[in-house]
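Take 17 as the starting number for the sequence shown in my numbering and just add one per residue. Below you'll find the structure, written out as structure tokens, and then a few comments.
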Amino acid sequence: GCELVGGTGIHSAETALKFIAAGAQTVQLCSALNAGGWSVLGKIRDEMSALLDSLGYASVDAFRGSLSRRAYPQNEQYERLQYIKAIDPR
């Protein structure tokens, strides 16, 4: 298989976790490092940990892929939901 890597526009824990929820094995923080220096790594790590705790996940591995099609037994419903979200982003 092929592994997913989040590599564009990741400047926050929220964005990093979106890529991970989609199944990314890793995220790249090049722009964030350029803008914020090395301290941004610890900041994003701590924020990711807090967000995962608030969502009830014990680890990044438990969270990974939570928004992938494989996480939904009714794939047709999942696809329809994504379509609705795309045309009506309330």
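Cβ coordinates follow ideal geometry from the N, Cα and C atoms, glycine included.
Look at Ala37 and Leu83 and say whether their C-beta atoms are less than 8 Å apart.
Start at 1 with the first residue of the sequence shown, and residue 37 comes out as number 21. Start at 1 with the first residue of the sequence shown, and residue 83 comes out as number 67. Yes. Within cutoff.
Taking DSSP as the reference, what is the three-state secondary structure of Thr42?
Position 26 of the sequence shown holds residue 42. It is a strand residue.
Hey, how far is the Cα of Gln113 from the Cα of Trp54?
As shown, the chain starts at 17 and ends at 106. That puts residue 113 outside it, with no answer to give.
Whole-Å CB distance - Ile26 paired with Gln41, under 8 Å assumed:
Walking along the sequence shown from the start, residue 26 turns up at place 10. Walking along the sequence shown from the start, residue 41 turns up at place 25. Contact flag wrong, Cβ pair sits at about 14 Å.
Presumed contact (8 Å Cβ cut-off) between Gly39 and Leu57, rounded CB distance
Taking the first residue of the sequence shown as position 1, residue 39 is located at position 23. Taking the first residue of the sequence shown as position 1, residue 57 is located at position 41. Contact doesn't hold; Cβ gap of about 22 Å is too wide.
Is the CB-CB distance between Ala32 and Gly22 below 8 Å?
Against the sequence shown, residue 32 aligns to sequence position 16. Against the sequence shown, residue 22 aligns to sequence position 6. Taking 8 Å as the Cβ cut-off, Ala32 and Gly22 qualify as a contacting pair.
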